[in-house]
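Worksheet: one structure, shown below.
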Amino acid sequence: MSDSLENIYTQILEGIGEDVRREGLRNTPKRAVNALRYITRGYRQDVDEVINGAIFESDMDEIVLVKNIEL
Numbered sequence: 004m005s006d007s008l009e010n011i012y013t014q015i016l017e018g019i020g021e022d023v024r025r026e027g028l029r030n031t032p033k034r035a036v037n038a039l040r041y042i043t044r045g046y047r048q049d050v051d052e053v054i055n056g057a058i059f060e061s062d063m064d065e066i067v068l069v070k071n072i073e074l
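Per our numbering: the sequence shown = residues 4 to 74.
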């Protein structure tokens, strides 16, 4: 499947007039596939494993600020 996705990205680049053989673009289809896999990895993860029991009841009625959460 990776090869077919790389081919699709290659076609997109060619479709916009890029030379996919030039040095700066040679690995771009592979990088694009890796990026797509990374940003969609949540679809392949188990929600219970990710949450790891972190949902709990609270009586707080103030804003909670959480920083540096990877999205």
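Glycine residues also receive a C-beta, built at the ideal position from the N, C-alpha and C atoms.
None of the values given here were measured: they were computed from a predicted structure.
Buried versus exposed, by CB contacts within 10 Å (16 or more), residue i
i: Q36; result: The identity of residue 36 in the sequence shown is Val, whereas the question assumes Gln. With 16 or more Cβ atoms within 10 Å of its Cβ, V36 is classed as buried.
Per-residue DSSP class, three states only, for residue i
i: R24; result: coil
Continuous alpha helix (DSSP H) stretch holding residue i: start and end
i: R34; result: 31-42
i: E9; result: 5-18
i: E52; result: 50-54
Beta-carbon contacts of residue i that lie in its chain and below 7 Å, excluding the five residues immediately before and after
i: E60; result: none
i: T13; result: V23, P32
i: E9; result: P32, K33, V36
Integer Cβ distance of residue i from residue j, believed to fall under 8 Å
i: L39; j: L28; result: So it is not a contact: roughly 17 Å between Cβ atoms.
Cβ-based neighbour list, residue i, same chain, cut-off 6 Å, excluding 5 preceding and 5 following
i: I11; result: none
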